[in-house]
Each structure stands twice: as C-alpha cells, then as structure tokens.
Amino acid sequence: MDFKLEIAKLLSGQFTDLSLEEILSMIEIPPNPDMGDYAFPCFRLAKILRKAPAQIAEDAVKNIEKADFIDEIKNVTGYINFYINKSVFAAAVLSELLKAKESYGQSDIGKGKNIVIDYSSPNIAKPFHVGHLRSTVIGGSIYRIFKALGYNTIGINHLGDWGTQFGKLIVAYKKWGSKEAIEKGGIKELMDIYVRFHSEAKEDPSLEDEAREWFAKMEAGDEEALSLWNWFKDISLKEFNRVYKLLDISFDSYAGESFYNDKMDAVIKELEEKNLLKESEGAKIVDLEDANMPPCLITKKDGSSLYATRDITAAIYRKKTYDFEKCIYVTALAQNLHFAQWFEVIKRMGYDWHDKLVHVSFGMVSMETGKLSTRAGNVVLLEDLLNEAISKTLDIINEKNPDLEDKEQVAEKVGIGAVIFNDLINNRIKDVVFSWDKVLNFDGETGPYVQYTHARASSVLRKANVDIDSLDIDYSLLTDDSSIEVIKLIGQFPEKVKDAADKLEPSFIARHIVDLAQAFNKFYHDNPVLVEDEKIRNARLALVYSVKTVIKSGLYLLGIAAPEKM
Ligand code: ARG
C-alpha cells in the first residue's frame, strides 16, 4: 500500500486546483514523528484560494474523510499532518517485504533501456592506485543500482591504453629495461623505467622526439611497436584483474582508448565537414571560446590524436552500439573541464543526445599518513591497501572471535567491505581521508558495523530456526517506537534506491543502511526477540528477517558482501 499516494488522493478531493502529481510532489515527511508520518503544506495554496494557510488546513481537516489507515489528521500552523495507523503501516511494509524477499527494492522501471557506465578505466603501465578505487567502487555500485531497477547496464573499462606515453615507455624499455625484470616486477618496474625516462629527458630532449616517433609508429601499425605495447598491456591487466577479483568487479567490455584507433579518422573528417575544426599552430582544435572554455584539442601538430579525440569517437560509437539512455563517466573532479569540453563538441556536431552524457565526478582520497603521489614513487597501491585491510581485519577477528569458521574468507569480505563502504558513505563529491582506525571501526558508521548488524540478525534467525513464510504474524505487536522506526526505514528503502539512481549517488544507500542498522540495534536492545510468547516472537522475527534482507540488499548494491557470521 502506497500511503503517500492514498493521502494524495484524499487531498486531491479537497484541492481541485492542483493535479495529483503536484500534490504528490508537495507531500513531505516531517522530520519529527510527533508531527505525523506525512504532512501537506498549505502555503502555496493561500494565493490561489485567497485564504490563510492555517484556515485552509483547518477546513481540509474537517472535510477530509478519514480512511481506515489513518489514525488522525491534524492542522498544525498551515500544515495538514497525517498520522498513519501503526498496525496497518507495519503490516503494509513488512508483508510487502516478506513477499518480495531479496528482490525488495528492485523494480522494472528501466526495462528496455540501456545505461552505459564507463568506470575504473585505469591506465596501462601505471599503478592502480587509491584514486582509481573511487571510480571503481562508485561505478560498480551505480552499475548494480541501475541493474536492480531493471535497466540493461553495460559496464565499460575504458582502459588508458593509447597515447604518447607508450612511445616514451618503448624508448625507456629499449634503453634501460629488461624482459626478466618486467616479467618479475610488473607495473612497478614499468613505472620505474617510465619515471627514469622523464628525468633523463630533462637532460636530453631528443628522447622526447624518439618517443614521438615510436608513438607515430604505433599509430601506423608498426609490428614491433605494437607487440611491445601489447605486452605492457598484458602485464598491467594481470595486476588489474587481481584487484577486480578482490573487489568483485567485472566489466561487459574492455574496449579501451586503443579500440578507437581506426574509428577516429572518420570523426575528424566529420568535424571538418561540420566546420568545427580550426588550425592553431599546426594543431587542430574546436574553438570553445563562446562557451567560456579553452579549445578542445583534436589532433596535435604531428597529426596524433588526443584523449578527447578518443572520447568523442567512443561516445559516437557507444551511441550507435548501445543506443543508451544515459552514458555515465565516473572520474575524478579534476577531469571536469575535459568532459565539459568534449560534451560541448558533441553538441556542436548536432547530436541531440549530448544531454545523455553524464559526468559523475568525485573528490580526492588522501591517506591520513603520507601522501598519494605517483611520481615520487611513494604511491599507495590499491592492491597493497586491500591486502592490508584483509590482514588487519583478520587480526581483529583473531582477537574478538578466534573460533569463527572460515576466518580468512570472512576477513576478506569484511576488510574489502570496510574499504568500499568508507568510500561510499559520503557524498561522492567530498574528499575522502583514509584512516585505518575509522575504516575498520566496528562501532562507527562503517562497513564492519553494518555487516556485523547483518550477522547479528542472521544469528537470531538461525537460533529461531523457523520458516519465515509459515509464520502467522500479528503486526499490531510491532507498534512500539523502536519497531516503528525500523519499519519506516525498511519502507523507505525502495525509494532510496531510486533516488540513488537519479542522483547517481550510492551514498544514499550507504547512509540508509547505517541508519537502519542503528535503528535495528536500538530495537534489539529494547525488544528481546526469542521470547516465550509465540505471537511476540513471530512478529519480532519477521522484523529481524526484514532488516537482514534490506541490509543484505543494500550492501549488495554497494558491492559489499554480507557474511552470515562474523
Ligand atoms: N584513464 C583515465 C584516467 O585514469 C580515465 C578514463 C575515464 N573514461 C573516459 N572515457 N575518459 O584518468
């Protein structure tokens, strides 16, 4: 039962000047339950009806026919406050959950629509560092959220596997690299020779020319150049895949920047034909001065392509291939200008789908101790960080619950979950300061806290050992404050999932399940579950089951596992 809608219907009988949609959009949930479960502000109506808001509310309260599901309707300073009958409310929310079970919160509003999500997208031969973590987990979560709403989601890892840096890497390899060292040291070794290239090129600028030549060879399809490039790519992917495995992330496509090599010429030609290209010191650009942006570089003076060229080409390709409803790019805030520029180019090319391109940006991660820097070599590698999270969690388990079965597996789920949750609990635009004490705190607003609450609920259900479907539940036994608080949060979950998709904000879900975990722990403290009285026990078990289910689904949408025991 959709109470908001039912109330809107009651109100629309009173206020014929407003449409049902308008009324629905005006109904609020009061911040304080003393003010009712839903409230309708009458201020906007004052003008239309030429009456004071308080008068409008008072008249409405008199005239609205009180439906069964409502206990009370009150006029409070220009608001009409509705108090839902608690038993009816508990029954409506929980019976829906008990019917839908793990699919509670899912829907099919996205049926038949494609959503492309470009995320993670690390650069070949560069370390997968803590900064990439954000793109990976935010994108991974957005992927799951849209999927839960019935969209057909296409996750793309737009690997940074093309560009002049590979010319540099080839030169560096030929001068100072060895096959054995790279096979052994992986990305770290590639990185070292790349860093060396930069310091040596300062003394000897001719190295830069050599690098340009090698990249030109790559673009021309030179076999030696391409086989080295391919090998760098294999080495890098091996390491990336280890991280994806830990994070339980997968992609539908690994079409990276190089995939567009043979597709860019046509796009450059199209830009020319549409009179969008200008020459500037030998380079070709799209002038964006009238949009108050620096020009978008399309080709360099040696004819080579750029990051933006490949993004423009990729977008056109994706539109053709996937006919997307939205194409989402998850990258750091630092790339705002890049996306604004080439989105504008797409618009000027006359593509009306330019407004379906969405840049989802996020703030920076810093470590509480030390910095994250690629150049200086003191970069914190994501894989090391994740492994450290797992081993620190194992230490905590060994201390708190040494007899736990499958300790290693649980430590992995909890350690990784802690890192992901820490990343998703705040609005994505906020910077994240990474502190081990905070991330692994079992009592804070953390992944372990939520997972622990889930394990606690699971344990109660295990002890009760009942078939939840066969319980006869008297919902009027769940009308105390702490039960109702939990049930409210359960009832809001489906809406939160939709909001998270609308705003591309996984934090809505993270925040919601922390709130639910806290409300549940209060409920659990106030209401013993496994009591003698069967009616009370059954009702409370239904609530425990519902909490467990919502927390599990919420964690899943964030990309986090929910162990049964901790
Ligand atoms: N490889 C880029 C980086 O590490 C991110 C790519 C994002 N996706 C895109 N289509 N530009 O900064």
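In the numbering used here, the protein residues as written are 7 to 572. Where is the CB? At the ideal position from N, CA and C, for every residue including glycine. In this text, all values refer to a predicted model and were calculated from it rather than measured experimentally.
Cα-Cα separation between I490 and D43, rounded to whole angstroms: 11 angstroms
D293 - DSSP class collapsed to helix/strand/coil: coil
heavy atom of ligand 1 below 7 angstroms from Y335 C-beta: yes
Classification of L510 by the beta-carbon crowding that lies within 10 angstroms, buried from 16 upward: buried
Beta-carbon gap between S465 and D532 smaller than 8 angstroms: no
Beta-carbon spacing of I318, V273 below 8 angstroms: yes
Residue closest to F221, alpha-carbon to alpha-carbon, out of L410, L213 and Q171: Q171
8 angstroms contact criterion, which M7 and A98 should meet: CB distance rounded: 4 angstroms
Contact set for A4: own chain, Cβ-Cβ below 6 angstroms, skip 5 residues either direction: The requested residue 4 is not part of the displayed model; the chain covers only 7 to 572.
Under the three-state DSSP convention, the category R381 falls into: Unreliable positioning characterises R381 in this predicted model, as indicated by a pLDDT of 42, which lies under 50. The coordinate reading is nonetheless provided below. DSSP places R381 in coil when its eight states are reduced to three.
heavy atom of ligand 1 below 7 angstroms from G166 C-beta: yes
Alpha helix (DSSP H) runs wholly inside the segment 312 to 389, at least 4 long, in chain order: 313 to 328 and 342 to 354
Paired residues, beta bridge with N447 - DSSP: In the DSSP output, where bridge partners are listed per residue, N447 has none listed.
Rounded Cβ spacing between P36 and A45 (contact assumed at less than 8 angstroms): 5 angstroms
The segment 527 to 545 contacting the segment 502 to 518, beta-carbon criterion three pairs below 8 angstroms: no
Among A545, F440, Q415 and I435, nearest to S476 - alpha-carbon criterion: A545
D258 CB to nearest heavy atom of ligand 1 below 7 angstroms: no
Residue of L283, N267, D480 and K469 minimising C-alpha distance to E540: D480
8 angstroms Cβ cutoff, A60 in contact with chain C: Absent from the structure is chain C; it holds one protein chain and no more.
Ligand 1 heavy atom lying under 7 angstroms from the CB of S127: yes
Pick from A73, Y157 and T142 that is closest to A507, judged by C-alpha positions: Y157
According to DSSP, residues forming a beta bridge with L283: V292
Beta-carbon proximity list for A523, same chain, < 7 angstroms, skipping 5 on both sides: Y455, V456, T459 and I557
For S25, the three-state DSSP class (helix, strand or coil): coil
Continuous alpha helix (DSSP H) assignments of at least 4 residues falling wholly in the segment 176 to 250: 185 to 191, 193 to 209 and 212 to 226
Inter-residue CB distance, I160 and D258 (contact presumed, cutoff 8 angstroms): 5 angstroms
Span of the beta strand (DSSP E), counted from its first residue to its last, around E78: I76 to V82
When I304, K180, A58 and G169 are compared against L213, the one with the closest alpha-carbon: K180
Near ligand 1: A289 beta-carbon under 7 angstroms from a heavy atom: no
Beta strand (DSSP E) runs wholly inside the segment 55 to 133, at least 3 long, in chain order: 76 to 82, 85 to 90 and 120 to 124
First through last residue of the beta strand (DSSP E) which encompasses P47: Y44 to P47
Per-residue DSSP class, three states only, for G161: strand
Presumed contact (8 angstroms Cβ cut-off) between M32 and V82, rounded CB distance: Actually they are not in contact, since the Cβ atoms of M32 and V82 sit about 16 angstroms apart, beyond 8 angstroms.
CB of L103 within 8 angstroms of CB of T555, strictly: yes
Distance cut-off 7 angstroms: A106 Cβ against heavy atoms of ligand 1: no
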